[in-house]
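Undergrad: Once you've had a glance at the structure underneath, I'll fire off some questions.
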Amino acid sequence: MDWDDEYSHNSFDLHCLLNSFPGDLEFKQIFSDIDEKIEQNATSIEHCIKEIQTEVNKQCPDVQLQTSIDCFEWLTNYNYNISKSPSILHGEMIKFLRTLQDLLKNEQNQEEMILDLLWDLSCQSSVSFPSTLSGTSFHFLSRTSLHSVEDHSSMDAKSIWDDIRLHLRRFLVRKLQSYNEINNSQQKILLKNQCLQQLLFLYPESDVIIKYQNIQNKLLAKVLQNFFPSYSRDSNLDIIVHGCQSTMLKLYSMLKEDFNILCEILAPSSTVKFIKETYLDTVTEEMAKFLENFCELQFKENAVRVVKTSKSSSKHRGAVHALVTPESPQKGGNFALTLDELEFLSRLIQSFLKVEKNVQELFEEMFLSLKILRNTSGILEKSNRGVIEKPRTNETSIYSEQLLPVKEATLLDFGWRSAFKEVFLPMACSITIAIEDFSTKILQQEQNERSSAVSYAMNLVNVQQVWQDSHVFPEEEQPKKIAKFCSDIMEKLDTMLPLALACRDDSFQEIRANLVEAFCKVATAVLERLQERGKEVPSRAPLKNLHTLLSTAVYVFQHFTQYENLMKETTKKPIFLVPVQRYQEFINTLQFQVTNYCVRVCATSILQDAESHHWDDYKAFYEGERCSFSIQMWHYFCSALHHDLWTILSSKLAQEILAEVLEKSLGLLASRYARAHPSYKRTPQIRLDVTTILICTENMLWSVCTSVQKLLKPHEYIDDKILKIHTHCNNLFTTLVILTSPLTELYKTFQHGMEKSAADSLKSCFKQPLHWISCISHFYPTLLRTPSAGGLKAEGQLKLLLSQPGCNWNLLLETLLHHDGLLLRILLKSSISKCTGSEPEFIRCLRLTLTDAIKDIVQQIVSVMSSGRNSETNLNKHSVPDCLLESIPKEWNYIPKESKRKESSKGFTRLAAQALSIVISKLPTVIACLPPPIKYFFFLSERKMSKNFVELKKAGLLVWNLIVIICRIFEDGNTVELLTGASLDRWSKEKLGLMCVCLESIMGDQASSPNQVIQKVMQSIEQQKPKWIEGQLLKARKLSTECAFMTIKESTALEEGDIALELTEQKINTMVLDLCHKPGGSEYLRQIYHIMRLNEEYLKEQLLCMNGSEEKPLPTRPLKTTLRSVEDQPSAFNPFHVYKVFSENMLDQSAITKWNWNWANLLPNYLGLDKMTFSVLLQNRWEMRKDETLEEEEKAMLEHLKRICTMQNSSASDNTEEQ
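Residue numbers (the working numbering): 76 to 1294.
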């Protein structure tokens, strides 16, 4: 049966899926596309209105509609009156009906043909077939009037018609039942929709809904009987919960299918009623029965336990609250529930909460999108091609519904909470004691472990992600490891949380109140235990325990904050305000305690080194070839702290603590070395110590900076810890220069004093935060380059990324795109080398992304083809027998479809042109919505290809790939079915194949000249829209090359290097949001980061060899993608490994002693040094010691420098007095 209309495909769906965060150019294209489609929709509507005008003017000579307003007014005021109808001959009517009846009884497979005929008679000849048992008979629109014939038929005609309807109903019901066996959801929805519309043509809506409801109830009963077994004491609660979860998923899947079917053909209120009665009420009733059985068994078991308890002298805590004899069980009786049983009920409630949320969102979406004026005196029969209003006879006239408000969504009352009324009181009475007993048991176990150990190191567990959709706390703020006892307790609280979330109005109020009380008590008990364990550091527990306590406190704080946010929907006041505040205070205290303890350890223990810092000693320390012990121990301590913080705490907190410890310990070192007064033999040790400190600091600086900007421009950020670190390092280097430089070089620089002009001219250089880096870079091969030196290279980007505590999304994306995606290209080449004969993983992911982008195009084209296929099929199948044609009353003026075939001879040309227009019109918008990195990848790839190849792909490589993917999809029927749910027959595949040839012709991929059919299709589009295809392809190419984050230098020919990425922090944030909000986007980034970390050394080797170019790269090798052995796993801190790295890679102490310092270049930078600082450091030089023997020349130079300091100091004091 053809239920479609021929105009629908002149309008386009407004499906602009914004799968990214487009830039200005992309938004301009998207809005332009929407405007164009709105205009096309308006044109289509206007065309339909003109067709209505023509038909009404033709059928009703007394009515002449001139304008669209006339048409709307006539449709609004039109009243279908059946009382003024002229009669049709009784004999003709009986003859037609009996012919239908005989065909159905005596011939097979005539149902579809008869349904087609009846629908054609209704639409073409305006015949109204009665759909009620007592309805009036058959009517049609006269050529001279708008009223129907009067019903003078006998009961014989009605009984025949009822028999015909009954036969057709049985046929359609069997079809509906068979459709439930179809696995493909979209195909099932389409077929059921058509079948129900056919039933609604024959029967009243209420009858059809009842019949369909019975079908679905039987199907639902089979699904529910698997979940609701008879509960017994031997039942496995975990198995029952798992069954409930899978059953609720299946139930929602069925519910959603029926929603999508019914919302197209029923009023929203009818759809709500059907869903509620069929699914929601049914599952509520079944759950109520199950829980009633559960309660009866629990009541009996508890009664038996009460009798036993009363006979014994048990003194255990947690006795049963109510003593009820087993002989008198009563509904609503109280009984005790164990923690496992409470957890079981909570998980059942969680399944209902999920379904409730999904159903609510489903209906809210419908009420938001379906604000239309609906006339309830008839039904709106919707199909893929249009809306036909069929008058309903013998029904009470009802006023038109007003615009449907969103509030109507609240009419969907899912009363599942009433099913749990039998367990309300037991849960409320049991939950507090059960949770408190469990937490007490866990805390006691932890106390026993502590008592059995002299030095207690807390047991740690990895933190598991609890709320996948929660974004209350970003990933960098979430702890990595916490104390096991706390993890066990919080896991149980998470399980019980649905009991509180289920609270609505009066239901679950007492349960939530008791649950909140229990949660607060547990939070207090855990906090007290954490505070108790914090006092044991450092006397009876290691420093690592403080990190664990801090991480655990943050974990509990975040959990209770999340609980608060989840309960905001039902409560207007804060519930966990006190626990959250107490934990926040404890976190602040612990963070200060960790930092303060580490700094005190450095100040009072590690940096107390009498042997190394014996500055008066006239013997060189280890012959001047090694740094002080304390400096090396300081480095070990910072490395160990770094390891523990990175392993346990959240990334943000770990970096904050390490930065603060580093900054304060550097302040101590700068102060101590500024006061050192070494002998001649110990002066080189000062130089070596300071150099070692600076090199160690440079190595740790990568770990505490979260971005390139913070690393290179710390003065631009509010957080001053990094800037203070640079200040301390500059002060240390000032001490090194003034205290250890040769006296002759110092004299040459400062012999004329520190003139203000010289100081001002050099002030900017001296005050730069990275000044100390530029000074040691002449000897030490640091990757940290100042902005004036060109910023970070790819090696520096990689080091900064892999020095972070976790995956920093912004930094990862910036690193991958750095230097034209140099690291990304290395990874891609290595991935390809790994794949021998199989497709590289990144190619598969890229293709999936592009396939997802054109899914909407494929769906629309398949819809167009299905419509064309249905039209052609309906013209060729179900030919009406001659005997039936002859029995049709002549007054109905019925024209058989065979006679109309010539009228619809537009054929494939129109269909292909329409499908082709869909592809070409949507290409620019599809490209606009693609993530910028995808467009950038194709942009770079296109520039790497030969010019001949690029010439062939004039529309661009990205556009060409999208077209190729579309063609490949239509060549593979399985892919089409996966994407759209539609199965392609031979006819559709043949037509789609021709459309693909048209696309290839447009892209210039055809080896030979196109055939005549293709030429007609192209000419058809060109005649309607001259130069439109070229304009669309040009627009698509522009969008594929001008990404929001790319700037291309103006040049006639783009060469390698003419492109530069303008990767600002804001644009990087936009790109990260774009990637991470896609399904699996963050996981893909995490996998890339994981691979880069596993292959760090290999990537460094490649970058070192390439040195920024691709002249002679090392041979590629397959990348490691998984941890292969235990040795690859992160291990405990190993000081011997740190020593090895320190000695071999970071610091060759004997080589430092041989560095040839260029004092002539270094010293002039300090002409702007503060006079007091210069005077103090000069006093600490070895030449100023009383027991040192100096030559006359040295004494003269020293006296001159002292006079300069004295004169300038006195001048400064005089100026101060005058002021």
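All C-beta atoms in this analysis are idealised placements derived from N, C-alpha and C, irrespective of residue type, glycine included.
Answer with buried or exposed for G1106, where buried requires no fewer than 16 other C-beta atoms within 10 angstroms of its C-beta.
TA: With fewer than 16 Cβ atoms within 10 Å of its Cβ, G1106 is classed as exposed.
Undergrad: Would you kindly check if the distance between the Cβ of L763 and the Cβ of L1227 is under 8 Å?
TA: In the sequence under discussion, the amino acid at residue 1227 is Ile, which differs from the Leu named in the question. Contact: yes.
Undergrad: Near C958, what residues of its chain come up, given a Cβ to Cβ distance below 7 Å and the 5 sequence neighbours on each side ignored?
TA: T174
Undergrad: For C804 and L845, what's the separation of their Cα atoms in angstroms?
TA: When rounded, the distance between both Cα atoms is 9 Å.
Undergrad: Using 8 Å as the threshold, is the segment 417-435 in touch with the segment 568-587, meaning 3 or more CB pairs across them?
TA: When C-beta atoms of the segment 417-435 are compared with those of the segment 568-587, three or more pairs fall below 8 Å, so the two segments count as touching.
Undergrad: Near L621, what residues of its chain come up, given a Cβ to Cβ distance below 6 Å and the 5 sequence neighbours on each side ignored?
TA: V612 and V669
Undergrad: Counting pairs of Cβ atoms below 8 Å between the segment 629-647 and the segment 672-681, do you hit three or more?
TA: no
Undergrad: Cutting at 6 Å between CB atoms, please list the residues of its own chain near M502, excluding the five before and the five after it.
TA: I586
Undergrad: If you scan the segment 699-755 from start to end, which runs of the alpha helix (DSSP H) of 4 or more residues do you find wholly inside it?
TA: 704-723 and 726-750
Undergrad: Using the beta-carbon count (16 or more within 10 Å), is C319 buried or exposed?
TA: Answer is buried; the Cβ neighbour count reaches 16.
Undergrad: Determine the closest residue to Q553 out of Q540, D691, K559 and L192, with distance taken between C-alpha atoms.
TA: Nearest C-alpha to Q553: Q540.
Undergrad: Can you tell me whether Q252 is buried or exposed? The criterion is at least 16 other CB atoms within 10 Å of its CB, across all chains shown.
TA: exposed
Undergrad: What residues in its chain sit with their C-beta under 8 Å from that of N534, if we drop five residues either side in the sequence?
TA: E524, A558, K559 and F560
Undergrad: In terms of residue numbering, what span does the beta strand (DSSP E) encompassing K556 cover?
TA: K556 to A558
Undergrad: Out of H1165, I113 and F171, point me to the one whose CA is closest to W967's CA.
TA: F171
Undergrad: Please report the straight-line C-alpha distance between L741 and K799, rounded to a whole angstrom.
TA: Each residue's alpha carbon lies about 9 Å from the other.
Undergrad: Around the Cβ of F712, are there at least 16 other Cβ atoms within 10 angstroms (buried) or fewer (exposed)?
TA: buried
Undergrad: Output needed for F302: all residues of its chain with C-beta closer than 7 Å, excluding positions within five of it in sequence on either side, in chain order.
TA: G318, C319 and T322
Undergrad: Applying the criterion that 16 or more other CB atoms from any shown protein chain within 10 Å of the CB defines a buried residue, is V1216 buried or exposed?
TA: Burial is judged here by how many other beta carbons sit within 10 angstroms of a residue's own beta carbon; V1216 has fewer than 16 and is exposed.
Undergrad: Have a look at the DSSP bridge pairing and note the partners of K537.
TA: According to the sequence as given, residue 537 is Asn; it is not Lys. DSSP output for N537 lists K556 as bridge partner(s).
Undergrad: Give me the DSSP bridge partner(s) of S582.
TA: According to DSSP, S582 shares a beta bridge with R579.
Undergrad: What number of angstroms, rounded off, separates the C-alpha of E1075 from the C-alpha of I993?
TA: Taking the straight line from one Cα to the other gives about 15 Å.
Undergrad: What are the start and end residues of the alpha helix (DSSP H) that includes P205?
TA: Looking at the DSSP string, P205 is not in any alpha helix (DSSP H), and its letter there is neither H nor E.
Undergrad: For Y1241 versus C920, is the C-beta distance shorter than 8 Å?
TA: no
Undergrad: Alpha carbon to alpha carbon, what distance is there between T1196 and A342?
TA: 55 Å
Undergrad: Less than 8 Å between the CB atoms is what I'm expecting for V765 and L811, so what's the real figure, rounded?
TA: 4 Å
Undergrad: Cutting at 7 Å between CB atoms, please list the residues of its own chain near I447, excluding the five before and the five after it.
TA: Confidence at I447 is low in this model, with a pLDDT of 38, below 50, so its placement is unreliable and no value can be given for it.
Undergrad: Mind checking whether P753 and W690 have CB atoms under 8 Å apart?
TA: yes
Undergrad: Could you tell me if P654 is buried or exposed, where buried requires 16 or more neighbouring beta carbons within 10 angstroms of its beta carbon?
TA: Burial call: buried.
Undergrad: Which runs of the beta strand (DSSP E) at least 3 residues long sit entirely within the segment 604-672? Give them in chain order.
TA: none
Undergrad: Measuring alpha carbon to alpha carbon, tell me which of N1086, N433 and I124 ends up nearest L355.
TA: N433
Undergrad: Roughly how many angstroms separate the alpha carbons of E1219 and A869, rounded to a whole number?
TA: 23 Å
Undergrad: By DSSP, does Y531 sit in helix, in strand, or in coil?
TA: coil
Undergrad: Do the segment 333-349 and the segment 261-268 meet, that is, are 3 or more Cβ pairs less than 8 Å apart?
TA: yes
Undergrad: For N1231, collect the residues of the same chain with a Cβ closer than 8 Å to its Cβ; drop the 5 residues on either side in sequence, then sort them by chain order.
TA: Within the same chain, N1231 has no close Cβ partners at all.
Undergrad: Within a Cβ cutoff of 6 Å, which residues of the same chain sit near I918, ignoring the five residues on either side of it in sequence?
TA: Cβ within range, chain order: n/a, list empty.
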